[in-house]
Amino acid sequence: KSKEKKKAIEDYAPESHWEMAENALSKNNYQEGLYWCQMAADQMHPAALGQIAKMYQKGIGGLLRDNKKAFSYYKQASDLGHLNSMIPLAKMYEDGVGCERNYCEAARLY
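Numbering (my numbering), first residue to last: 36 to 145.
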């Protein structure tokens with residue numbers, strides 16, 4: 036039954052995937068959380084994109100620390116209006132981490 040339930044959830048909208056991700060992450064189950072985040076992010080769910088960015092930035096959930104990938108995910112989330120991704124993205128622009136330093140873009144996001 037567990038496999039059937041997982042398959043049914045996989046077929047749902049990205050919001051369901053994000054809820055599954057939040058549930059797993061709240062239990063510090065980062066690998067399962069990453070799985071569901073990726074399902075939602077593949078459908079451009081802003082919070083999931085932001086969460087994957089954070090996981091790349093910190094190197095958690097089995098992901099190697101990768102500031103360029105973190106920047107890319109934060110940028111996608113920010114472009115979709117995800118407020119919690121804008122500050123970390125602004126900081127990356129300000130410090131030139133994962134991207135070229137860009138004070139104008141940092142100021143716009145702050």
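We put the CB at the ideal spot given by N, CA and C, even for glycine.
Checklist entry - Would you call Ser120 buried or exposed, if buried means 16 or more other Cβ atoms sit within 10 Å of its Cβ? => result buried
Item to check | Span separating the alpha-carbon of Tyr31 from that of Arg100 | outcome: The structure shown does not extend to residue 31, since the chain is modelled only from 36 to 145, so the question has no answer here.
Checklist entry - What is the DSSP secondary structure of Gly68, reduced to helix, strand or coil? => result helix
Checklist entry - For Gln66 versus Gly96, is the C-beta spacing smaller than 8 Å? => result yes
Checklist entry - Since Ala88 and Trp53 are thought to touch, with beta carbons under 8 Å apart, how far apart are those beta carbons, to the nearest angstrom? => result Between Trp53 and Ala88 the Cβ distance is about 14 Å, and since that is not below 8 Å, they are no contact.
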